[in-house]
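20 is the number of the first residue of the sequence shown in our numbering; add one for each residue after it.
For glycine and all other residues, C-beta sits at the position ideal for the given N, C-alpha and C.
These numbers come from a predicted model, not from an experiment.
These notes concern the structure reproduced below.
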Amino acid sequence: MFVINLLAWMVCLLTINTIHAQESITFVGEHCLIDIPDLHQQQPFTFSLRVLTREGWLDKGKQTHIADSSGTLRFTPDTQGVFEFTTISSKPQTIRLLAMDIPSALDRKALLKALPQHGQRLLDGKPITILAMGDSVTATGIYHQLLGKMLRKVTGNNQITVTVKAHPGKSVDASVRTYDSDIKPVKPDIGLLMYGLNDQGAGGAMDVYLKQTRWLCEQLKADFGTDMLLLQPTPH
Numbered sequence: 020m021f022v023i024n025l026l027a028w029m030v031c032l033l034t035i036n037t038i039h040a041q042e043s044i045t046f047v048g049e050h051c052l053i054d055i056p057d058l059h060q061q062q063p064f065t066f067s068l069r070v071l072t073r074e075g076w077l078d079k080g081k082q083t084h085i086a087d088s089s090g091t092l093r094f095t096p097d098t099q100g101v102f103e104f105t106t107i108s109s110k111p112q113t114i115r116l117l118a119m120d121i122p123s124a125l126d127r128k129a130l131l132k133a134l135p136q137h138g139q140r141l142l143d144g145k146p147i148t149i150l151a152m153g154d155s156v157t158a159t160g161i162y163h164q165l166l167g168k169m170l171r172k173v174t175g176n177n178q179i180t181v182t183v184k185a186h187p188g189k190s191v192d193a194s195v196r197t198y199d200s201d202i203k204p205v206k207p208d209i210g211l212l213m214y215g216l217n218d219q220g221a222g223g224a225m226d227v228y229l230k231q232t233r234w235l236c237e238q239l240k241a242d243f244g245t246d247m248l249l250l251q252p253t254p255h
């Protein structure tokens, strides 16, 4: 099964603003279209480009491109990292794009073990809903979008939907209290749960945290057969 250090990229992207979320994530070697505000059709423009890789920032200098017929930049990333485009004009604008390596070959056995209830439906191309629950790390991060995009790529299933129900500044009890109104209507096939930062920050008891986490997992499994993936709490 493919492996990616989601936490590392999540930290890089927590404060990154993008034009369109779906267009801000792509794979190395694949074409993508980037919207440049106020860019006109067939208009040449110059920008500086640098890339944040695991080794640090790599300066790629100034480049000049011509917008396509829809007024967008057609770009193909050549390495894994966060690409930062800054237009050179009287009103500079910065746009960022995350490029990931294409996932390695899928280990079907490992996927079915991790997702015993809905793994086969995922492999068969059936509609799958992923629900991400958590605090501000989930609300402002994109680890759930990364997972969805990688699963689409590696399984060929384009019917994967990612929904986020997060509560910035709250602990796991927020999802427990809003279960009927906020979570149950989603009817998730796969659930991602990452709380812990605010629970420990507020001095919450470990047994309460575990009890509420267990309740959410058991309730979702009973209602929808949800396959639950528990993410490690963010270090405090």
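Where residue i falls: helix, strand or coil (DSSP)
i, result
"Ala151", "strand"
"Asp256", "Examination of residue 256 is not possible in this model, given that the chain is present from 20 through 255 alone."
"Val227", "helix"
"Glu49", "coil"
"Asp120", "coil"
"Lys110", "coil"
"Asp242", "helix"
"Gln136", "coil"
"Thr232", "helix"
Segment limits, alpha helix (DSSP H) that includes residue i
i, result
"Ala133", "127-133"
Sequence-distant residues of the same chain with beta carbon closer than 6 Å to residue i, five excluded per side
i, result
"Ala151", "Thr157, His163, Val183, Leu211"
"Lys240", "none"
"Ala193", "His186"
"Asn177", "Arg171"
Span of the beta strand (DSSP E), counted from its first residue to its last, around residue i
i, result
"Leu69", "Correcting the residue type first, residue 69 is Arg in the shown sequence and not Leu. Unbroken beta strand (DSSP E) run through Arg69: 63-72."
"Asp18", "Residue 18 falls outside the range modelled here, since the chain spans only 20 to 255, and no answer is possible."
8 Å CB neighbourhood of residue i in its chain, flanking five on each side removed
i, result
"Pro187", "Asp154, Ser155, Ala158, Thr159"
"Gln238", "Tyr198"
DSSP beta-bridge partners of residue i
i, result
"Ile44", "Leu117"
"Asp97", "Asp97 is not bridged to any residue."
"Glu103", "Arg69, Arg115"
"Lys81", "Ser67"
"Leu212", "Met152, Leu249"
"Asp54", "Thr91"
Chain D within 8 Å of residue i, Cβ atoms only
i, result
"Ser67", "Structure shown: chain D not included; a single protein chain is present."
Quick one: complete beta strand (DSSP E) runs, 3+ long, within the segment 139-210? The qualifying runs are 147-153, 179-185.
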